[in-house]
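Heads up: the structure comes next, in structure tokens.
Residue numbers (the working numbering): 3 to 150.
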């Protein structure tokens, strides 16, 4: 069964995406409901796996100032093998299956430009990878966790 979210749920999610430590009392005041209502809705969002509450690291604050998006071509019948190998590469923060010429796309966050090069050399060691296209990120203008 799919949990249907409504405007109040969206309000809770939006408030938490702006300030993940916002007190329920403050949220209730902003959303014009009781604190008890917020607590119950929050609990439902967690239990129905609509919402996960996690700490999000600011990569720049911890020294990961450089990034790249890398498209990856693979040998036939080896996508799963390559994904498992990519999961072990330090700096890889995102892996997705895509359509088109490059079936995999990864994003890396690393401390310096040399580590982008080092990551490319690590990818070259994965024998099932047949080609890569690297796009170095020069500047990030928006990075959000707001989905609703």
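Note that beta-carbon positions come from the ideal geometry of N, C-alpha and C, so glycine has one too.
Measuring alpha carbon to alpha carbon, tell me which residue in the options is nearest residue i.
| i | options | result |
| --- | --- | --- |
| residue 126 | 4, 49, 87 | 87 |
| residue 136 | 65, 11, 75 | 75 |
| residue 112 | 13, 54, 63, 98 | 63 |
| residue 56 | 132, 50, 21 | 21 |
| residue 33 | 47, 48, 16 | 16 |
| residue 23 | 81, 50, 58 | 58 |
Compute the Euclidean distance between the alpha carbons of residue i and residue j, then round it to the nearest angstrom.
| i | j | result |
| --- | --- | --- |
| residue 35 | residue 6 | 19 Å |
| residue 25 | residue 150 | 20 Å |
| residue 141 | residue 124 | 24 Å |
| residue 122 | residue 109 | 12 Å |
Which two residues bound the contiguous beta strand (DSSP E) that contains residue i?
| i | result |
| --- | --- |
| residue 135 | 131 to 139 |
Going along the chain, which residues of its own chain have a beta-carbon closer than 6 Å to the beta-carbon of residue i, five neighbours each way excluded?
| i | result |
| --- | --- |
| residue 40 | 26, 29, 30 |
| residue 107 | 73, 98, 100 |
| residue 48 | none |
Quick check for students: name the residue ranges of the beta strand (DSSP E) that lie wholly in the segment 90 to 114, counting only runs of 3 or more. Segments of the beta strand (DSSP E) lying fully in the segment 90 to 114: 94 to 99, 106 to 112.
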